[in-house]
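Notes to accompany the following structure.
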Amino acid sequence: MESMLHEIAHYVALAIEVIAIAVIAIGAVEAVFGLVRIGIRSENPDRDRRAVWLNFARWLVAGLTFQLAADVVNTSFGPTWHEVGQLAAIAAIRTFLSYFLDREMREKSELQQPQAERSH
């Protein structure tokens with residue numbers, strides 16, 4: 001019974017890892033197209049480039065979240081210290097990216113508010 005549960009967990013984790021790869025790949029393709037579009041025609045390339053990178057960062061955070069979920073499933077049965085270390089590293093990277101992405105998005109929305117609203 002336990003070996004069957006391990007086998008199921010392995011396939012669940014594998015499916016989640018495939019989703020993580022797909023999410024990151026989609027984000028990367030979208031970022032490349034966005035950068036090409038900016039290179040071809042953009043009135044404000046710095047602002048547009050920043051928006052592309054912020055969007056790509058969102059995709060990365062989503063991908064890392066799926067990766068973290070896969071690692072949790074993989075380490076649910078007697079994890080080794082190596083597996084726990086990998087899990088902690090992915091969680092730290094995801095947390096770090098999320099924190100700075102949230103901060104960057106807040107700054108961007110503050111910059112986009114009309115000047116009159118910011119002075120109140």
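Heads up, the sequence shown is in full-length UniProt numbering, so the first residue is 1 and it goes up one at a time. Using N, Cα and C, we set each Cβ at its ideal position, and we do this for glycine too. Bear in mind that the values here come from a model prediction, so they are computed numbers and not experimental data.
Residue burial classification, residue i (beta-carbon count within 10 angstroms, cutoff 16)
i, result
"A15", "exposed"
"N74", "buried"
"F100", "exposed"
"F66", "buried"
"L60", "buried"
"G85", "exposed"
"D71", "buried"
Proximity below 8 angstroms, CB of residue i to CB of residue j
i, j, result
"residue 122", "A28", "Outside the displayed range of the chain (1 to 120) lies residue 122, so it cannot be described from this structure."
Straight-line Cα distance separating residue j from residue i
i, j, result
"H6", "I40", "51 angstroms"
"V23", "L54", "15 angstroms"
Residue i: CB within 7 angstroms of a non-hydrogen atom of the ligand FAD
i, result
"I19", "With respect to the ligand FAD, the structure offers nothing, as it holds no ligand at all."
Delimiting residues of the alpha helix (DSSP H) encompassing residue i
i, result
"T65", "45-74"
"G78", "Taken as a continuous stretch (DSSP letters only), G78 belongs to no alpha helix (DSSP H), as it is neither H nor E."
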